[in-house]
Amino acid sequence: MALLRPFSILVVFILHSAIGGTSPLNEQHIISDIDSTTSNAGYKVRKELWDAEIIPTVIDDFIPPLLLNARWPHHHTHASLGNTLKPSKLDSAPSITLEGYNQALNNWKEGMTYVITLTDPDAPSRDDPKWSEFCHWIAVGVSVSSHNRIGVDFHHDDDSEIMEYKPPSPPERTGKHRYVLLAFAPANGTTEKLHLSKPSGRKHWGYDVDGDGKKRERETKGVREWAAENGLVPVGESSHLKHAREDADMW
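With mature numbering (1 follows the signal peptide of the UniProt record, and there is no 0) applied, the sequence shown covers -24 to -1, 1 to 227.
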C-alpha cells in the first residue's frame, strides 16, 4: 500500500469588498473601517498566496481581512498558516468557521448561503497538470453569526454536497500539490436558496480543455470559471502543499 505523506496548509480568508459584484484590486480596498492590524495581516497572507502562485493561477487578486478556519474534529486536526497535515487525517470533510473583525461582518447576512470548494491545480502533478484543476469538493452551508465569527452549518448529506468530498490523495512521486480550499458567497448578497450546477466530472471541473494542460493560463479550467457561472465571489481560501516529510511545519 502506498504511503500517504503530509502536506502543509495555508489558511486565510479573503473578503470581497462589495458583495454586489466583482471589481479590480485598485477599486476594492476591502472596507475602509477595517482594523489596521487585520489589514496588515491580510497583506501578509496575500503575499503568501502570490508566493505559492495560487494567485493568479486559481483565484484573482484579493486582500483578506477575515480568516477561514478548517477543522477535522474526528482527528483533532486543524488547518493553520502553512502547517503540515497527514492526508490520513483528512478522510472526512472539514468543519468551517469564518472569523472577522470590526465592520468586516457587516458585509454578511444571517442565513446567507456559503459555498465551500476544494480544488487541486496540480493534478496529477505540478509539472504535468493535464487534469487541472481537479474538483475534490463542493458543499453549501448556511451562516450563523456569533460575535465576530460566522459559523457555517453543513449537514454533509446529499442536500449540502453538490460534489461529494474526495479526500486529498496525491500520487506518489508527483512532488508538491497545492490543494486549495475556497469559500464563496453569492455576488448579489441573496439569502435565497442557491441553484448551483454540478460539474460533469472532477477533471477540469467537467470543462472541455484542449491540449495537455501544461500551459495553465490557456488550458486550465476549474473553480474560478465554475464560480463565475454560478454568480459566486470568493470570500475565503486555504491552500495545502504536499511535502515529502513527516514532521509538522507551521508557517
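Beta carbons are placed, not taken as given, at the ideal position from N, Cα and C, and that holds for glycine. Since we're looking at a predicted model, the values are computed, not measured.
Of the residues the options, the one placed nearest residue i, counting alpha carbons only
i	options	result
D96	E148, R178, N206, W202	R178
E205	I72, P162, S119	P162
A115	K174, G198, H50	K174
S119	K106, R149, M88, I138	M88
D103	A55, S136, L61, K152	K152
L208	L170, V185, T196	L170
T167	A159, A203, G117, W202	G117
S101	R200, S64, T150	T150
residue 265	R22, E137, V21, S176	Only positions -24 to 227 of the chain appear in the structure, and residue 265 is not among them; the question remains open.
L74	A55, L61, D135	A55
F160	D135, D27, P210, E201	P210
V185	P105, M139, H52	P105
Helix, strand or coil at residue i according to DSSP, with G and I counted as helix
i	result
S64	helix
A115	strand
Y155	strand
T89	strand
N78	Caution applies to N78, whose pLDDT of 49 falls short of 50 and renders its modelled position unreliable; the value that the coordinates give is listed next. Helix.
N16	helix
L172	coil
T166	coil
L208	strand
E193	In this prediction, E193 scores a pLDDT of 46, lower than 50, which makes its location untrustworthy; no coordinate-derived value is stated.
M226	At M226 the pLDDT is 25, less than 50, meaning the model places this residue with poor confidence; the figure from the coordinates comes in the next sentence. If DSSP states are grouped into helix, strand and coil, M226 belongs with coil.
K23	helix
H54	strand
W107	coil
M(-24)	In this predicted model, M(-24) has a pLDDT of only 40, less than 50, meaning its place in the structure is not dependable enough to derive any value.
E148	coil
Supposed close pair residue i, residue j - CB separation, criterion 8 Å
i	j	result
A46	I72	6 Å
Y141	W113	4 Å
S108	T196	5 Å
Any chain B beta carbon closer than 8 Å to residue i
i	result
S71	Considering every chain present, this structure includes no chain B. It has just one protein chain.
CB of residue i within 8 Å of CB of residue j, strictly
i	j	result
W181	G198	yes
W48	P32	no
Y155	L94	yes
P143	D67	yes
residue 250	L44	In this structure the chain extends from -24 to 227, so residue 250 is not present and cannot be described.
I35	L172	no
Residue range of the unbroken beta strand (DSSP E) whose run includes residue i
i	result
I138	137 to 139
For residue i, the first and last residue of its enclosing alpha helix (DSSP H)
i	result
R200	199 to 205
T33	30 to 33
Distance cut-off 7 Å: residue i Cβ against heavy atoms of the ligand MN
i	result
N206	In terms of ligand content, the structure shown is empty, and the ligand MN therefore cannot be addressed.
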